[in-house]
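Notes for the one structure printed next.
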Amino acid sequence: MSGMERFWQASLEELKRGYVHEEGHSVCLLCGERFEKGMIYPHEGRFYEAERYMQLHIEEVHQSVFAYLISLDKKMTGLTEHQNKLLQLFYQGKSDADIQKEMEIGSASTIRNHRFTLKEKERQAKVFLTLMELLKDKDQHAPAFVAVPPTAAMLDDRYNVTEEEKEAVLNKYFRDGSLQTFSLKEKQKLIVLREIAKQFQPGNYYSEKEVNERLQAIYGDYVLLRRYLIEYGFLDRRADGSEYWLKK
Numbered sequence: 151m152s153g154m155e156r157f158w159q160a161s162l163e164e165l166k167r168g169y170v171h172e173e174g175h176s177v178c179l180l181c182g183e184r185f186e187k188g189m190i191y192p193h194e195g196r197f198y199e200a201e202r203y204m205q206l207h208i209e210e211v212h213q214s215v216f217a218y219l220i221s222l223d224k225k226m227t228g229l230t231e232h233q234n235k236l237l238q239l240f241y242q243g244k245s246d247a248d249i250q251k252e253m254e255i256g257s258a259s260t261i262r263n264h265r266f267t268l269k270e271k272e273r274q275a276k277v278f279l280t281l282m283e284l285l286k287d288k289d290q291h292a293p294a295f296v297a298v299p300p301t302a303a304m305l306d307d308r309y310n311v312t313e314e315e316k317e318a319v320l321n322k323y324f325r326d327g328s329l330q331t332f333s334l335k336e337k338q339k340l341i342v343l344r345e346i347a348k349q350f351q352p353g354n355y356y357s358e359k360e361v362n363e364r365l366q367a368i369y370g371d372y373v374l375l376r377r378y379l380i381e382y383g384f385l386d387r388r389a390d391g392s393e394y395w396l397k398k
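In the numbering used here, the protein residues as written are 151 to 398.
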């Protein structure tokens, strides 16, 4: 299962804690890092079993599940910038008076109205989620869509891809693991880049030479592929290009 599929198939409780149990491992939903059950992991002079070490990992690498989710694009969260800021302040435990001062909101009643609006949004989300769950049992004609990366910066028609479309594109443009051309439409590029990104493992860091070698084995113009993998948000890198990693 890919990291994207794992993220979207996780239950609400699993998303809240930030990790799932899978094949004898605790797996981070935010970056794909895995810790094996039964192993002991050292941290600052102490030793932890896998699940507790995963909790430390989330705190140190992602700050918190809340911090990760609130940083996602507004098309993922459905929040306006104003609502996003309010939720962050509520999460920090700020009083309404402190929030009123920090955001220069006219009155405490305005903040209460915002709280009410957010609660209404929560109720609507619960009803909608329940409707979609019930629909799964009845809608026999719904196509299987390819999972959207949680960190996608621009959600547009490029991501409207079914599993059937994905397989058709991969079968057409790949031969024995080699990409035949990159002169593709935007949606096709996204499908191809998603497949190429599987050459890199979550949590691993790669030198530019290692990245180039993996990409050159797939397509001659590896520099073009590397640029697009970064531009489309599949890979990230340090400013000096010394390290690359799979973005999640």
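For each residue, glycine too, the CB sits at the ideal point set by N, CA and C. All of these numbers come straight from a predicted model, not from anything done at the bench.
Residues sharing a beta bridge with residue i, DSSP
| i | result |
| --- | --- |
| W395 | Y355 and D386 |
| S214 | The partner list for S214 (beta bridge, DSSP) is empty, contrary to what the question assumes. |
| F295 | T312 |
| L329 | F324 |
Nearest to residue i (by Cα), restricted to the options the options
| i | options | result |
| --- | --- | --- |
| E254 | K269, K235 and E270 | K235 |
| D326 | I341, I368, E231 and S333 | I368 |
| D307 | I341, L329 and L281 | I341 |
| I346 | E231, F384, A247 and V170 | F384 |
| P300 | S221, L284 and E186 | S221 |
| L334 | L374, E209, W158 and E363 | L374 |
| E194 | G256, G243 and H207 | H207 |
| Q330 | A292, G153 and D371 | D371 |
| Y356 | M282, R387, F332 and Q366 | R387 |
| E360 | L343, F332 and S392 | S392 |
| G228 | I190, V311 and E272 | E272 |
| R265 | Q233, R344 and S214 | Q233 |
C-beta atoms of residue i and residue j nearer than 8 angstroms
| i | j | result |
| --- | --- | --- |
| E358 | Y382 | no |
| P352 | G168 | no |
| Y218 | H212 | yes |
| A200 | S176 | yes |
| Y378 | K339 | yes |
| E252 | L239 | yes |
| Y241 | F278 | no |
| A149 | D248 | Nothing in the structure corresponds to residue 149, since the chain is present only between 151 and 398. |
| E270 | A294 | no |
| N354 | R376 | no |
| V133 | K316 | Summary: the structure shown does not reach residue 133, with the chain confined to residues 151 through 398, and so no result is reported for it. |
| Q274 | I261 | no |
| G174 | E155 | no |
CB-CB length for residue i against residue j, believed under 8 angstroms
| i | j | result |
| --- | --- | --- |
| E164 | L179 | 7 angstroms |
| K350 | L396 | The amino acid at residue 350 is misidentified as Lys; the sequence shows Phe. Correct: roughly 4 angstroms between the Cβ atoms. |
(request) Within the stretch 158 to 206, note down every full beta strand (DSSP E) run reaching 3 residues or more, in order along the chain. (result) Restricting attention to beta strand (DSSP E) runs no shorter than 3 residues, the stretch 158 to 206 encloses them at 169 to 172, 175 to 178, 184 to 186, 190 to 193 and 196 to 199, ordered along the chain.
(request) Enumerate, from N- to C-terminal direction, the unbroken alpha helix (DSSP H) stretches of 4 or more residues contained entirely within the stretch 216 to 255. (result) 224 to 227, 231 to 241 and 246 to 253
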